[in-house]
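Below is one structure, written out as structure tokens, with a few remarks after it.
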Ligand SMILES: C[S@@+](CC[C@H](N)C(=O)[O-])C[C@H]1O[C@@H](n2cnc3c(N)ncnc32)[C@H](O)[C@@H]1O
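Residue numbers (my numbering): 3 to 312.
What follows is the structure in structure tokens.
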């Protein structure tokens, strides 16, 4: 699904939403709730408009990028028509890029870059997995993982969600000689690409791959605090269970890193009730209030939370 959002500066957001919903209700399905939140459902997509004190937010969704642009266009044109007393600026941003793309690119350019091994892996992943290659972490996230492993002096690490092995290489590189990474995934196809690149990176001796549902693999481990570092980047609805199983096995001072905690911004808005979004929203709330840990959520890419066990 394609999603984008626009934040339009205006103190008259509630009035515009009302006008827009009333006008469009003659042609399409609309709704206006008690909080002044409007929903416009077109044949090819939907837009939710919410009034705030000094701005109005619009979230557009559609099944394709082309239809998303049609939704954006029709809503923005009508909105601008109603704003006769002020000049509004409507800038749509894809919700997968919550941080302004120029800032995201600048931070990427000013973090330790990927070396030739990681660049080759990223290139092969694009060719071999097509659209799925977007699952791979970026170079700045990889640099963060290596740094956290080194800073914590971790010797034993576990990773949930290997894919083609980018994050495994970044974690394994941070481990000292004799360190071990347990890498969990369900896909033989994707992890066979990983295994070749672990060889090239010279870290295959410290990584043990275990194939199968990660929850089963975690539950089969001894329930003792042996791990120093964990990275969770697999099926989102299972994150709460992965968190509990890993926390149980993490030594005090150990670190868990969660990827994709913002879900393209959908955790911010309860209108998104997909199990991935509700699970992540629930876990984010739980972690922030969990007195077993300290946590910092970073707006890096799709959101990364760094958690330290007390
Ligand atoms: C977002 S990708 C991981 C990306 C990887 N960390 C990287 O840096 O390239 C998610 C991975 O989780 C795996 N996965 C999905 N559900 C799983 C499950 N129940 N148990 C184990 N792995 C799972 C998928 O096969 C996929 O390889």
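Beta carbons are placed, not taken as given, at the ideal position from N, Cα and C, and that holds for glycine.
Is residue 142 near residue 110, with beta carbons less than 7 Å apart? yes
Rounded straight-line distance, which links the Cα of residue 31 to that of residue 82: 20 Å
Going by DSSP, which residues form a beta bridge with residue 301? Answer is none; residue 301 lacks a bridge partner.
Would you kindly work out how many angstroms separate the C-alpha atoms of residue 302 and residue 108, rounded to a whole number? 12 Å
Is any heavy atom in ligand 1 found nearer than 6 Å to the beta carbon of residue 205? no
Is residue 265 close to ligand 1? I mean its beta-carbon at under 6 Å from any heavy atom of the ligand. no
Under the three-state reduction of DSSP, which class applies to residue 147: helix, strand or coil? helix
Check whether the stretch 182 to 191 touches the stretch 203 to 220, counting contact only when three or more Cβ pairs, one atom from each stretch, lie closer than 8 Å. yes
Run through DSSP, which three-state label would residue 238 get? helix
Need the endpoints of the alpha helix (DSSP H) that residue 73 sits in, please. 67 to 84
For residue 215, verify whether its CB is less than 6 Å away from any heavy atom of ligand 1. yes
Going by beta carbon distance, what residues of the same chain come within less than 6 Å of residue 260, once the five residues before and after it are set aside? 234, 307
Going along the chain, which unbroken runs of the beta strand (DSSP E) with 3 or more residues stay wholly within the stretch 111 to 176? 158 to 162
Smallest Cα separation from residue 95: which of 118, 88, 87, 67? 67
Reference residue 87; option with closest CA among 130, 275, 15: 15
So which of 275, 243, 273 has the shortest CA-CA distance to residue 288? 243
Outcome for residue 61 when other beta-carbon atoms lying within 10 angstroms are tallied against a minimum of 16: buried
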